[in-house]
């Protein structure tokens, strides 16, 4: 497939991020565009890199393997954004700099053990189910502090912030409260636990990233809008 359209897509998303930052009084440099490549072939990677993207994400190890084998894969910082089974940790830890989906203590321990075994560090985000939807993964807001504390204490892990997935909504404004809730929770935990490095908010996708940026997102996970024809 010819991915020549990617550059214009990236420019469009960047312009929208800049507009959202302007409305919120933020510096666009504080927002990282993470390209979710799960629906595209590995050949999308050079096009993304040429367009200035430096962060890429996958949500399943089985699909990620093909992307990571591409010669261009080493040019990106890789993010794992899907539900992670403990038996896949040994594959994910050496290849992904960021894990956005820390959602239970046993996963924290497994990540720590593998990171120590390999002598590497892993940035983790605690996934929080702000909306309370039963089909969504993530800890309840009131349980986030326990998991943040645990990750902070475990060797090999750097707990850097929080992630959430908003409900599907016809109007992005309908999920503004979800993003604001995650931002407020991050600020609360950062202050209470005195963790200055707890400064990342992974929230917002192709249909709602502008609202997420207005509410403080530092990482937006964009797939379809960037890589789908």
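Numbering (the working numbering), first residue to last: 1 to 229. Backbone N, C-alpha and C define an ideal beta-carbon position, used for all residues, glycine too. What you are looking at is a predicted structure, and each value in this text was computed from that prediction instead of being measured.
Quiz item: In three-state DSSP terms, what is residue 113?
Solution: helix
Exercise. Identify, in the order they occur along the chain, each residue of the same chain with its Cβ nearer than 6 Å to the Cβ of residue 110, setting aside the five sequence neighbours on each side.
Key: 86, 89
Quiz item: Excluding five sequence neighbours on each side, which residues of the same chain lie with their C-beta closer than 8 Å to the C-beta of residue 161?
Solution: 125, 126, 186, 198, 199, 200, 201, 202, 218
Quiz item: By the 10 Å Cβ neighbour count, where 16 or more other Cβ atoms means buried, how is residue 146 classified, buried or exposed?
Solution: exposed
Exercise. Could you check the C-alpha separation between residue 20 and residue 117 for me, to the nearest Å?
Key: 42 Å
Quiz item: Which runs of the alpha helix (DSSP H) spanning at least 4 residues fall entirely within the region 2 to 74, listed in chain order?
Solution: 6 to 24, 44 to 50, 61 to 68
Quiz item: How close, in whole Å, do the beta carbons of residue 34 and residue 221 come, if the pair is a contact with beta carbons under 8 Å?
Solution: 5 Å
Quiz item: Are there 16 or more other CB atoms within 10 angstroms of the CB of residue 216, so buried, or fewer, so exposed?
Solution: buried
Quiz item: Among 212, 66, 104, which residue has its Cα nearest to the Cα of residue 95?
Solution: 66
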